[in-house]
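See below for the structure under consideration.
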Amino acid sequence: MSSNGKNIIWDNRNGYGIVSRSFHWLMVVLFALEFGIAFFHLLGKGSTMDAFLWPMHMQLGLILLLLVMCRALWGALNIVGRPYEVSLAGRLAVLGHLAIYALMFVVPALALLRSYGRGRGFSFLGVELFPQTGIVNDTLTAPGNAFHSLLGWVLLVTVAGHALMALIHHFVMHDDTLRYMTGRKKTGA
């Protein structure tokens, strides 16, 4: 409980609680790293730095997949109390958030499916999640080959649009939207 008697853990109509905000900002940082590594791989493929950074891409992807599942569960537990706008803009925001969540799940899931299908195996922080078999299964690799990168860039554009809309709402429309994810109190009520 905060000093004013309100619970700071759970989401409410006036803003997101500390858990939701922590998930959000941690994932912002990790996605910035993930897309930074992807850009570097695109531009510097084969370099020494790429050889160092690129293996982190899959590790970060799995961390983000686990975080999005935890965040979705936390969001479901908070669904009744979350900030929500009943207007058309509010409904569009809900659809945008659902698209982001779907992409945050599908993109790393496709990468894991492709890795498994290539028979390469995958270890997360030294713990083997599935073994290297050397057996290639084209049925499993095809979806990842076709859609992982494409949907990854769609995710980047969608997240950039999300951030841009939050800034427009806050600074152009002056509706204090950013306070929901910063924990600040409403101004000029």
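Those letters in the sequence shown? Residues 1 to 189, by the UniProt record's numbering. Even for Gly, the Cβ is constructed at its ideal location relative to N, Cα and C.
Delimiting residues of the alpha helix (DSSP H) encompassing E34 = Here the question's residue 34 lines up with position 34 in the sequence shown. Its alpha helix (DSSP H) spans residues 18 to 44.
ask   = Looking at C-alpha atoms only, which residue of S87, A160, G117 is the closest neighbour of I100?
value = Mapped onto the sequence shown, residue 100 falls at position 100. Of the listed residues, the one whose Cα sits closest to I100 is A160.
query = Buried or exposed: where does A76 fall if 16 or more other Cβ atoms within 10 Å of its Cβ makes it buried?
reply = To locate residue 76, count along the sequence shown from 1; it is residue 76. Counting Cβ neighbours within 10 Å, A76 comes out exposed, since fewer than 16 surround it.
key: Contiguous beta strand (DSSP E) assignments of at least 3 residues, all confined to the region 104 to 135   = 122 to 124, 127 to 130
query = Would you call the region 36 to 43 and the region 5 to 24 in contact, with 3 or more CB pairs under 8 angstroms?
reply = no
query = Distance, Cα to Cα, W153 vs D11?
reply = For the purposes of this step, residue 153 is taken as residue 153 along the sequence shown, with counting starting at 1. For the purposes of this step, residue 11 is taken as residue 11 along the sequence shown, with counting starting at 1. Near 30 angstroms, if we compare the C-alpha coordinates of D11 and W153.
key: Burial state of I9 (16 or more Cβ within 10 Å)   = Translated into the one-based positions of the sequence shown, residue 9 becomes position 9. So I9 ends up on the exposed side.
task = Please report the residue range of the alpha helix (DSSP H) in which S149 lies.
result = Translated into the one-based positions of the sequence shown, residue 149 becomes position 149. Run containing S149: 138 to 167, per the alpha helix (DSSP H) assignment.
query = Hey, quick one: how far does the alpha helix (DSSP H) through V63 stretch, first residue to last?
reply = Position 63 of the sequence shown holds residue 63. Checking the sequence, you will find Ile at residue 63 rather than Val. Looking at the DSSP string, the run of the alpha helix (DSSP H) that includes I63 is 48 to 77.
query = alpha helix (DSSP H) containing T182: first to last residue?
reply = Translated into the one-based positions of the sequence shown, residue 182 becomes position 182. Segment 179 to 182, the alpha helix (DSSP H) holding T182.
ask   = Going straight from the alpha carbon of M58 to that of G96, what length do you get?
value = Locating residue 58 in the sequence shown gives position 58, where the first residue counts as 1. Locating residue 96 in the sequence shown gives position 96, where the first residue counts as 1. Approximately 25 angstroms between the Cα atoms of the pair.
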